[in-house]
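Chains as they are written, first to last, in my numbering: chain W, 159 to 366; chain Z, 159 to 366. The C-beta atom is built at its ideal place from N, Cα and C for all residues, glycine as well. Have a look at the structure below, then the notes.
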């Protein structure tokens, strides 16, 4: 859906008050762009004599990167899908005790879904980051700067998605559940920061 | 030009061996997406009683953000424009001493242009970051996470653009010129990191 919009139209609607796309959709998009740079580097490496020893691995990376990119871009749609029930839940009546109880239950479920969508995106971004880390080692040195750009875009998207976890867990009544989801997000942020640091330092060392 | 492509088509071509778009175009795109999130927050703040004291400033930010977003997205095109002469320069003949001298001169000019394009993008990204920093103070708290996402995407784009400075200055014969351009990029990275840290910490404090 969103991936069929032009860049102009997508950023136009992103800039408006419309509830979706928002930060979650922006994170999915830029993560997909980051992964596309990984595919580009793999394509520029594939078939080159200098990297012949890694040809098979490069082909495997390329195949994975193509799949992950489609999933990251689809994250834009999943974020929107998770948001709708949440905004509906807020609109439920809360006059009688029964209505309040029913609303609480629907809201709890919607908040969990709205937290799980960015958590799933984060897990997918980590897969992308692992490919970038490997490409910083075995990818064509002529395209090493593109590995660095992709790695940074993935890290920004990871952090962006984590914010969408926190805003939703923040509103949960079940604090134990909220804390366990926050911990998941925090752990992925740490992993992502470490992976990106390794990748980026390797890139800078090569081009500076 | 690139902004009229669908997200699907843009990431498809980005992932191929085609020389453009590359890391520079990806940085321009994601910076534009980051700035669009700034406009979104300004739009969600505008007209709200709670933020009436800042209404005029919010309108000014919105006007600037719209302009900056268009310029950031246009950075995708400018990056491509700067790349073409560079790849042509590399193709110039270098058989005779005259040809070598002529090629050196054209190449030096093309490398300077290819460094100035990402430097101009970086300067524009810093303008966007300053708006995000202010929005983290006076923007609607309901949309504060989107300020955080936008700020991270802008920082990633700033770092991404800097890599395109370094790869080009790296190839310059005039080392004094190369060093002065690198210093410009380094200074902007430092400014951007400081600005983003202020913005992001404010966002995390609000939502965590």
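Residue i at chain W interface by Cβ criterion, 8 Å
i, result
"residue 202/Z", "yes"
"residue 161/Z", "yes"
"residue 249/Z", "no"
"residue 198/Z", "yes"
"residue 212/Z", "no"
"residue 238/Z", "no"
"residue 321/Z", "yes"
"residue 227/Z", "yes"
"residue 328/Z", "yes"
"residue 289/Z", "no"
Burial state of residue i (16 or more Cβ within 10 Å)
i, result
"residue 332/Z", "exposed"
"residue 234/Z", "buried"
"residue 341/W", "exposed"
"residue 276/W", "buried"
"residue 345/Z", "exposed"
"residue 249/Z", "exposed"
"residue 207/Z", "exposed"
"residue 359/Z", "exposed"
"residue 161/W", "buried"
"residue 192/W", "buried"
"residue 352/W", "exposed"
"residue 259/W", "exposed"
heavy atom of the ligand ADP below 7 Å from residue i C-beta
i, result
"residue 173/W", "Judged by which ligands are present, the structure shown has none, so any question about the ligand ADP falls away."
Residues of its chain near residue i, where Cβ-Cβ distance is below 8 Å and the 5 sequence neighbours each way are ignored
i, result
"residue 229/W", "282"
"residue 262/W", "331"
Own chain, CB closer than 6 Å to residue i, minus 5 neighbours either side, in chain order
i, result
"residue 194/Z", "227"
"residue 247/Z", "264, 265, 268"
"residue 238/W", "178"
"residue 376/W", "One cannot answer for residue 376/W here, as it falls past the ends of chain W, which runs 159 to 366."
"residue 286/Z", "193, 226, 312"
Close Cβ partners of residue i (< 7 Å) along its chain, the five nearest in sequence each way excluded
i, result
"residue 290/Z", "196, 305, 308, 309, 312, 357"
"residue 366/Z", "none"
"residue 244/Z", "268, 269, 272"
"residue 185/W", "279, 315, 318, 319"
"residue 364/Z", "299, 302"
"residue 215/Z", "296"
"residue 188/W", "311, 314, 315"
Contact belief for residue i with residue j at Cβ below 8 Å, rounded distance in angstroms
i, j, result
"residue 269/W", "residue 329/W", "6 Å"
"residue 171/Z", "residue 163/W", "Not a contact, Cβ separation roughly 16 Å."
"residue 284/Z", "residue 190/Z", "With 8 Å as the limit, residue 284/Z and residue 190/Z do not qualify as a contact, their Cβ atoms being about 15 Å apart."
"residue 362/W", "residue 169/Z", "About 25 Å; that fails the 8 Å criterion."
Minimum Cβ-Cβ distance from residue i to chain Z less than 8 Å
i, result
"residue 332/W", "no"
"residue 299/W", "no"
"residue 304/W", "yes"
"residue 357/W", "no"
"residue 325/W", "yes"
"residue 194/W", "yes"
"residue 367/W", "There is no way to answer for residue 367/W, as the model of chain W reaches only from 159 to 366."
"residue 282/W", "no"
"residue 241/W", "no"
"residue 349/W", "no"
"residue 353/W", "no"
Whether or not the stretch 303-319 of chain Z and the stretch 163-181 of chain W are in contact is what I'm after, with contact meaning three or more pairs of Cβ atoms, one per stretch, closer than 8 Å; do they touch?
yes
Between the stretch 283-300 of chain Z and the stretch 254-265 of chain Z, can you find at least three pairs of beta-carbon atoms closer than 8 Å?
no
Is the stretch 213-227 of chain W touching the stretch 194-213 of chain Z, taking contact as three or more C-beta pairs under 8 Å?
no
Whether or not the stretch 199-219 of chain W and the stretch 160-176 of chain Z are in contact is what I'm after, with contact meaning three or more pairs of Cβ atoms, one per stretch, closer than 8 Å; do they touch?
yes
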